[in-house]
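Asks:
Protein chains in written order, with the working numbering: chain A, 288 to 413; chain B, -1 to 238.
1) Just the C-alpha distance for residue 234(B) and residue 170(B), rounded to the nearest angstrom, thanks.
2) Using the beta-carbon of each residue, which ones in chain B are nearer than 8 Å to residue 358(A)?
3) Report yes if the C-beta distance between residue 120(B) and residue 111(B) is below 8 Å; otherwise report no.
4) Report yes if the CB atom of residue 236(B) is closer than 8 Å to the CB atom of residue 88(B), and no otherwise.
5) Residue 387(A): buried (16+ other C-beta within 10 angstroms of its C-beta) or exposed?
6) Anything in the region 52 to 79 of chain B with a Cβ closer than 7 Å to a Cβ of chain A? List those residues in chain order, please.
7) In terms of alpha-carbon separation, which member of 155(B), 104(B), 52(B) and 68(B) lies closest to residue 323(A)?
8) Identify the continuous beta strand (DSSP E) that holds residue 86(B) and give its terminal residues.
9) State yes or no: is the beta carbon of residue 321(A) nearer than 8 Å to at least one beta carbon in chain B?
10) Which same chain residues, not among the five before or five after residue 153(B), have their C-beta less than 8 Å away from its C-beta?
11) State buried or exposed for residue 147(B), treating a residue as buried only when at least 16 other CB atoms are found within 10 Å of its CB.
12) Give every residue of the same chain whose Cβ lies closer than 7 Å to the Cβ of residue 172(B), excluding the five residues on either side of it in the sequence, and list them in chain order.
13) Please report the distance separating the alpha-carbon of residue 46(B) from that of residue 409(A).
14) Would you mind reading off the limits of the beta strand (DSSP E) that contains residue 81(B)?
15) Checking 8 Å against the spacing of the C-beta atoms, do residue 188(B) and residue 125(B) come in under that value?
16) Classify residue 12(B) as helix, strand or coil using the three-state DSSP reduction.
17) Quick one: residues in its chain with C-beta nearer than 6 Å to the C-beta of residue 52(B), no 5 flanking neighbours on either side, listed in chain order?
18) Excluding the five sequence neighbours on either side, which residues of its own chain have a C-beta within less than 7 Å of the C-beta of residue 16(B), listed in chain order?
19) Do you know how far the Cα of residue 381(A) is from the Cα of residue 231(B)?
20) In chain order, what residues of the same chain have a beta carbon less than 6 Å from the beta carbon of residue 41(B), not counting five sequence neighbours either side?
21) Report the rounded CA-to-CA distance for residue 57(B) versus residue 390(A), giving the unit in angstroms.
22) Exposed or buried, what is residue 406(A) when buried is set at 16 or more other beta-carbons lying within 10 Å of its beta-carbon?
23) Taking just the CA atoms, how far does residue 360(A) sit from residue 122(B)?
24) Which whole-angstrom value is the C-beta distance of residue 184(B) and residue 137(B), which I expect to be below 8 Å?
25) Taking only the alpha-carbon atoms, compute the straight-line gap between residue 81(B) and residue 383(A) and give it to the nearest angstrom.
26) Answer with yes or no whether the minimum CB distance from residue 39(B) to chain A is below 8 Å.
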């Protein structure tokens, strides 16, 4: 976020400012390579979760942790969100919370549907 | 337009960072996204709307999977392949995942080269990204063909809950469409970079406006998003 502010110091000509902005998202290639390797490692781990037939809470928590880490790395580094100003970050990253709330609502709803089906549509009523 | 908007503020003081910066950007009674071009801001907003679409697909898949009384087919077995006589669960999906991550890496490199005005490498990396994307779509077509031959339909399949087919075709089909559009998009941008459009300021065929190397980054945002969605599909549909 530091370069974002130093692109606006002084009375540079408008053209010069645009140029500097264009060269804004310039980061060391090493960082991209490190993130790339991490994505490979995390994907391998997720695959191994399935390969070794891990089950139950361990499986779900590992899948979700690897998923979140991969998503975080892609958004933060590859999509440069880490270096954008918070005004953009909040505008894009906060609204998906609504999806999570929707998920929570639908978990309750789906459980209710399942219980109703078991109660009213099972082979042996009782 | 960009330079005019920025020229206005060139006399301003240094802009605050962090939360304070967030508040001042949004309450500045001007454009909220400082030093982000409209093209980039609009791509982000499009991606946000796409997030809602894929979010709704995945959560309706979750809803039908929770609420069905019939056992869900085991994806680990459904997507298994026999490779040289060994039975490997989910192997094609794993390969597809690695191909897409690799393409994300080459895309990130392309953006980097673009901002260094390295015309040749940018174009080459964009084409490599497009080839990897196309091979991803190819593998997905193979997977669809295999499953359709085995009798998977949107209304039923041989292994269990009927909803498996509809969720599978809907989610992976929509994602595959995104990858296909991305490949086309990448090839168009690669051609422009190769021809030097962003160096000479040649007007675009559609907008008649001069392109900048930032287009490469904006294309990259879309491409990384496609990879991002696959991360969620891989975890929630194939591994769960």
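Beta carbons: idealized from backbone N, C-alpha and C, even for Gly.
Replies: Quick answer:
1) Computed Cα separation, rounded: 12 Å.
2) Result: 226, 229 and 230.
3) Residue 111(B) sits close to residue 120(B), with the two beta carbons spaced by under 8 Å.
4) Yes, the Cβ-Cβ distance between residue 236(B) and residue 88(B) is below 8 Å.
5) Counting Cβ neighbours within 10 Å, residue 387(A) comes out exposed, since fewer than 16 surround it.
6) Listed in sequence order: 53, 57, 60, 61, 64, 65, 67 and 74.
7) The residue with the shortest Cα to Cα distance from residue 323(A) is 104(B).
8) Judged by DSSP secondary structure, residue 86(B) falls within the beta strand (DSSP E) whose first and last residues are 84 to 86.
9) Output row for residue 321(A): interface = no.
10) Apart from the 5 residues on each side of it in sequence, residue 153(B) sits with its Cβ closer than 8 Å to the Cβ of 160, 163 and 164 in its chain, given in chain order.
11) It counts as exposed.
12) 55.
13) Rounded to whole angstroms, residue 46(B) to residue 409(A) spans 42 Å at the Cα level.
14) Looking at the DSSP string, the run of the beta strand (DSSP E) that includes residue 81(B) is 79 to 81.
15) Yes, the Cβ-Cβ distance between residue 188(B) and residue 125(B) is below 8 Å.
16) Residue 12(B) carries a coil assignment under DSSP once its states are collapsed to helix, strand and coil.
17) Excluding its 5 nearest sequence neighbours in each direction, residue 52(B) has C-beta neighbours in its own chain below 6 Å: 227, listed in chain order.
18) Same-chain partners within the cutoff: there are none.
19) If you take the alpha carbons of residue 231(B) and residue 381(A), they lie about 21 Å apart.
20) If the five residues before and after residue 41(B) are omitted, its C-beta is found closer than 6 Å to the C-beta atoms of 216 and 219, all from its own chain and listed in chain order.
21) The alpha-carbon atoms of residue 57(B) and residue 390(A) are separated by roughly 6 Å.
22) Flag for residue 406(A) reads exposed.
23) Between residue 122(B) and residue 360(A), the alpha-carbon positions lie close to 25 Å from each other.
24) Distance from residue 184(B) to residue 137(B) at the Cβ level is roughly 18 Å; contact not present, criterion being Cβ atoms closer than 8 Å.
25) Going by the C-alpha atoms only, they are around 40 Å apart.
26) So, interface residue.
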